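All remarks here apply to the structure that follows.
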Amino acid sequence: MLKMATWNVNSLRVRLPQVLEWLATERPDVLAIQETKLPDADFPLADIETAGYRAIYSGQKTYNGVATLMRAEPREVERDLPGLEDPQRRIVGATIGDLRVLNVYVPNGESVGSAKYQYKLEWIEQLRSYLVEQLAIHPRLIVLGDFNVAPEDRDVHDPKAWEGQVLFSGPERAAFRGLLATGLSDAFRLVNQNAGEFSWWDYRMNAFRRNLGLRIDHILVSAETARTVRTCRIERAWRQRERPSDHAPVVAEFEQ
DNA sequence: ATGGTTGCAACGCAA
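Numbering (the working numbering), first residue to last: 294 to 549.
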């Protein structure tokens, strides 16, 4: 079984001990991390390598930043979204074995109608055209990360209250469906049809304790890869820990 | 009810 995961860690500096413990416990083949919030010069490569992993990363000071940790040697590494001049570090891609793996941190969007919301929609559209190109080259494609979009009512604790709000607005959900329309499937929904399974809970208002969450972290797989998905789960327990990220890891297992 | 919490970095900004 090949095991791949995504986790928005909200500062790799703060969460490094949890990431190392998580790697030791789960032993995944690939872990995609978002919101590292540190420049490449400060990336804790030695700790990652001691844990038995290689790493590729694209970071910046204070905000954003992505890293992919893996056992195998990465090839054809890319750190930019083609066609978008963007100082924000939000994507890192690599070929790992016979899989093409894209790790993404989609913009949050702040609020509907804001400049950041517009940037979010443009970023997703740019990602969509890139996926069309990538799928033509790599039939075994996996796109995983923090998409900052809850696709459906069952991915939101209170869809009526969230209707029209950022992370769940119509245009964001339509943009997300556009990503799927390139030929990708949501790995979680291939194996789990439950409502009320979330990957992110706000730090405020005791949202986790009350399970006021959204499912916004996803593992999208091409048709050829979808056939091999065996499990996909959200590891809520890591959101319950002392000093947690506001996101839980999402893990998928594939038959080799 | 426009709140509240966390991380970064220095105080407001982003999420």
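Note that CB positions come from ideal geometry on N, CA and C, so glycine has one too.
Fair warning: this is a prediction, and the values are worked out from it, not measured in the lab.
Taking the C-alpha atoms as reference points, what is the distance between residue i and residue j?
i: residue 479; j: residue 334; result: 34 Å
i: residue 447; j: residue 302; result: 24 Å
i: residue 491; j: residue 328; result: 19 Å
i: residue 339; j: residue 457; result: 44 Å
i: residue 360; j: residue 503; result: 31 Å
i: residue 306; j: residue 538; result: 12 Å
i: residue 514; j: residue 321; result: 17 Å
i: residue 332; j: residue 406; result: 30 Å
i: residue 454; j: residue 296; result: 35 Å
i: residue 500; j: residue 404; result: 19 Å
i: residue 516; j: residue 508; result: 22 Å
i: residue 534; j: residue 304; result: 16 Å
i: residue 395; j: residue 498; result: 33 Å
Note the first and the last residue of the continuous beta strand (DSSP E) segment covering residue i.
i: residue 253; result: The structure shown does not extend to residue 253, since the chain is modelled only from 294 through 549, so no value can be given for it.
i: residue 356; result: Here residue 356 belongs to no beta strand (DSSP E), and DSSP marks it neither H nor E.
Going by DSSP, which residues form a beta bridge with residue i?
i: residue 527; result: 543
i: residue 492; result: In DSSP, residue 492 forms no bridge with anything.
i: residue 361; result: 325, 349
i: residue 298; result: 324, 544
i: residue 368; result: 388
i: residue 425; result: Partner(s): none; residue 425 has no beta bridge.
i: residue 506; result: 494
i: residue 449; result: 507
Can you tell me whether DSSP reads residue i as helix, strand or coil?
i: residue 325; result: strand
i: residue 351; result: strand
i: residue 454; result: helix
i: residue 435; result: strand
i: residue 374; result: coil
i: residue 512; result: strand
i: residue 471; result: helix
i: residue 442; result: coil
i: residue 330; result: coil
i: residue 319; result: helix
i: residue 405; result: coil
i: residue 477; result: strand
What are the start and end residues of the alpha helix (DSSP H) that includes residue i?
i: residue 304; result: It is not in any alpha helix (DSSP H) - residue 304 carries neither H nor E in the DSSP assignment.
i: residue 521; result: Careful: residue 521 lies outside any alpha helix (DSSP H) and carries neither H nor E.
i: residue 482; result: 480-484
i: residue 393; result: That residue, residue 393, is in no alpha helix (DSSP H); its beta strand (DSSP E) goes 392-398.
i: residue 335; result: Element bounds for residue 335: n/a, residue is neither H nor E.
Figure out for me which residue from the options has the closest Cα to the Cα of residue i.
i: residue 488; options: 515, 518, 527; result: 527
i: residue 356; options: 366, 400, 485, 374; result: 400
i: residue 393; options: 371, 382, 411, 409; result: 371
i: residue 325; options: 387, 531, 430; result: 387
i: residue 358; options: 330, 294, 373; result: 330
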